[in-house]
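First the structure, in the form of structure tokens, and then the observations on it.
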Amino acid sequence: MKEFAVFWGCTIQTRFPFIEKSTRIVLESFKLPYRDIDGFTCCPEKSLVNNIDHGAFVVTAARNVALVDELDYDLVSPCTGCVSNLATVKGELRANPREKAEVNKLLKEVGREFKGTSKLQHLVPFFHDTVGVHAIKQKIKKDFTGMRIGIHYGCHMIRPSHALRNDDPLEPRKFDTLITALGAQSLQFMTKMMCCGQGLDRIDEHDRALHFARIKLKELKSLGCDALVLCCPSCFLQFDNNQFLMEKEGEKFGIPVIYFTELLGLAMGYKPEDLGMDLHRVDCTPFIKKWESLSERPPREDAIEDGLNAPGEL
Amino acid sequence: MLEATLNFKLLEQCSKCGACFSICPSCMHIPGYDPRAVIRDILDGNHDKWLSSRHIWQCLECHHCLEICYQHYGFENAMTALRTIAAKKGIHPTQVKRGWEMFVKTSRLGEPALPARKKLGLPEPKASGADEFKKLYAMLKAAREKKENPEGKGSE
Ligand code: SF4
Ligand code: SF4
Chain A
860 MKEFAVFWGC TIQTRFPFIE KSTRIVLESF KLPYRDIDGF TCCPEKSLVN
910 NIDHGAFVVT AARNVALVDE LDYDLVSPCT GCVSNLATVK GELRANPREK
960 AEVNKLLKEV GREFKGTSKL QHLVPFFHDT VGVHAIKQKI KKDFTGMRIG
1010 IHYGCHMIRP SHALRNDDPL EPRKFDTLIT ALGAQSLQFM TKMMCCGQGL
1060 DRIDEHDRAL HFARIKLKEL KSLGCDALVL CCPSCFLQFD NNQFLMEKEG
1110 EKFGIPVIYF TELLGLAMGY KPEDLGMDLH RVDCTPFIKK WESLSERPPR
1160 EDAIEDGLNA PGEL
Chain B
6 MLEATLNFKL LEQCSKCGAC FSICPSCMHI PGYDPRAVIR DILDGNHDKW
56 LSSRHIWQCL ECHHCLEICY QHYGFENAMT ALRTIAAKKG IHPTQVKRGW
106 EMFVKTSRLG EPALPARKKL GLPEPKASGA DEFKKLYAML KAAREKKENP
156 EGKGSE
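Listed in order, the protein sequences are those of chains A and B.
Just so you know, we're using my numbering here: the first sequence kicks off at 860 and counts up by one.
Just so you know, we're using my numbering here: the second sequence kicks off at 6 and counts up by one.
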């Protein structure tokens, strides 16, 4: 496997260092060749930077990509936004040689060159494609049989598809495959592919952001969902933080929000506290409790076996 | 140099289509949000009508419209273009300005939370590329100015 740099991004390092923790834990235990490198900046965040200055968006992302190009590494990120933004610019520059030349003329002044040769991947498709379900299954100590999970892909894990090319952009499967490989049931629900709506919080429309969160959480609650699993710090902010704020106002959904690496870590035998799950706003204990109670039950085959093997009355 | 663009040919097709309206989350859940009306006005030369509207900022950039679009174009391009023009005129949500200023100053949208990192036993964060970024951004601005003003005229 080729070495890869992890692109943590601003949001995880600023607000959710525990996500970095669980990510490092799983990368370590799979003995993956991940590296921390100097020099990254914000990816940059598209909805902010691109709206104001397209050139700044392109040059900044191209520089970040150039850093991994130079080292002949690939790049993996636990943030959907970062990968999507970097890949968008990489795609734009590869399709547009004149623009690429303009960007490289600037980059040359700081001693860099964008080549666009490194592979940029989000953590979930990376685990699916590069680590593989088979290797994951071998690491499972206790699976999630009987747990009902709602997956939230996060728009930028898979879109824009021309830049990311990692799954079907409207009916993706890879995250589902990973979650079901861990033994859980992946619920199929109406709002599964709906955007989290966190962007609304960034334009001073907090109530509307809550409204978007509410729509999905309501549906999940009605389906008896045990946890919402996702892999994007923005979506995490939206469903954990904002759900908590609604709870404080008396609107309780009680849907724990679990990062992909946390769920994977639990299955591999790590404790919720090792993974930093006690730092979530919405309490994860109901999920853990149910999971533990399920595994205290005798294997489901036992009762049937007993019945089949019982002495006959007739 | 490296400026945003808008493709009118593709927008003409949009005005006859509107398919992505039915998949767009903002169209579904935000009353009054309708990029079809925005596109009509852009094509009629009346885009300025929308510059102070909240709606242009309510596009979530989820790219649903792009993916369902037979042109692989999407409503979002029109919204992005209008946001860019509005921002240049200084019309934008307050948080956008705050975020932008932090980005230009620090090259990031926030600094690593050091005490929390320590508690979690995380390694020191790697050096940021802030200085190099600042240089690069200054050069981009200078290159643009030079393009607009090749002989340095009117730069007093
Ligand atoms: S990117 Fe914007 S316009 Fe397109 S579907 Fe998403 S919210 Fe709607
Ligand atoms: S963006 Fe594409 S799908 Fe949407 S209205 Fe225009 S042509 Fe139709």
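A virtual CB, placed ideally from N, CA and C, is assigned to each residue, including glycine.
Note that the coordinates shown come from a computational prediction; the quantities given were computed from them, not determined experimentally.
Distance check between phenylalanine 899/A and each of Trp867/A, Ile911/A, Gln1057/A, Gln1102/A places Trp867/A closest, using alpha-carbon atoms only.
When C-beta atoms of the segment 981-998 of chain A are compared with those of the segment 1032-1040 of chain A, three or more pairs fall below 8 Å, so the two segments count as touching.
A distance of 8 Å or more separates the beta carbons of lysine 890/A and aspartate 933/A. For cysteine 941/A, the distance from the CB to the nearest heavy atom of ligand 2 is not below 7 Å. For glutamine 100/B, at least one C-beta of chain A is nearer than 8 Å to its own C-beta.
When Asn944/A, Ser936/A, Leu1082/A, Val1088/A are compared, the shortest CA-CA separation from arginine 894/A is found for Ser936/A. Close to serine 112/B, with beta-carbon spacing below 8 Å, are these residues of chain A in chain order: Thr900, Cys901, Thr919. Each residue's CA atom was taken as its position, placing threonine 939/A and alanine 1162/A some 44 Å apart. Here alanine 118/B carries a coil assignment [DSSP, helix/strand/coil].
Annotation for aspartate 1066/A: the continuous alpha helix (DSSP H) segment containing it runs 1065-1081. From the listed residues Arg1061/A, Val924/A, Pro1145/A, the smallest Cα separation to threonine 976/A is found for Val924/A. With respect to the 8 Å criterion, leucine 1125/A and leucine 1134/A are classified as neighbours on the basis of their beta carbons.
DSSP places glutamine 76/B in the coil class of the three-state scheme, outside both helix and strand.
Ranked by Cα distance from isoleucine 1074/A, the first of Asn1100/A, Ile878/A, Pro1157/A, Cys1054/A is Cys1054/A.
In the displayed model, alanine 147/B falls within a helix according to three-state DSSP. For aspartate 1063/A, a Cβ of chain B is located within less than 8 Å of the residue's own Cβ.
When the Cα atoms are used, isoleucine 1008/A and isoleucine 911/A turn out to be separated by approximately 38 Å. Proximity of the beta carbon of glycine 79/B to ligand 1 is indicated: a heavy atom of the ligand is located closer than 7 Å. Note: serine 1045/A is bridge-paired with Ile1008/A in the DSSP secondary-structure output. Nearest neighbour of glutamate 8/B by Cα position, chosen from Ile884/A, Thr873/A, Glu961/A, turns out to be Glu961/A.
Methionine 1136/A sits buried, since 16 or more C-beta atoms from the chains shown fall within 10 Å of its C-beta. Within its own chain, the residues whose Cβ lies closer than 8 Å to the Cβ of leucine 1082/A, once the five positions on either side in sequence are excluded, are Arg1007, Gly1009, Leu1046, Phe1048, listed in chain order. The alpha-carbon of leucine 907/A is positioned some 13 Å away from that of cysteine 869/A. When C-beta distances to chain A are compared with 9 Å, the residues of the segment 57-77 of chain B below that value are Arg59, Trp62, Gln63, Cys64, Leu65, Glu66, Cys67, His68, His69, Leu71, Glu72, Ile73, His77, in chain order. Between the segment 965-973 of chain A and the segment 870-886 of chain A, the count of C-beta pairs closer than 8 Å stays below three; the two stretches do not touch. Annotated as distal: glutamine 980/A and valine 918/A, with beta-carbon spacing of 8 Å or more. Residue pairing for leucine 934/A: DSSP places it in a beta bridge opposite Ala864/A, Leu979/A.
Judged by their CB atoms, histidine 1011/A and cysteine 1094/A are nearer to each other than the 8 Å cut-off. Contact check for leucine 145/B against alanine 83/B fails: the beta carbons are separated by 8 Å or more. For cysteine 1091/A, the closest alpha carbon among the candidates Asn963/A, Gly914/A, Leu982/A is that of Leu982/A. For glutamate 1110/A, no chain B residue has a Cβ inside 7 Å of its Cβ, as the nearest lies near 17 Å away. Not a single C-beta of chain A is nearer than 8 Å to the C-beta of lysine 14/B.
Interface residue (Cβ-Cβ distance to chain B less than 8 Å): leucine 945/A is not classified as such.
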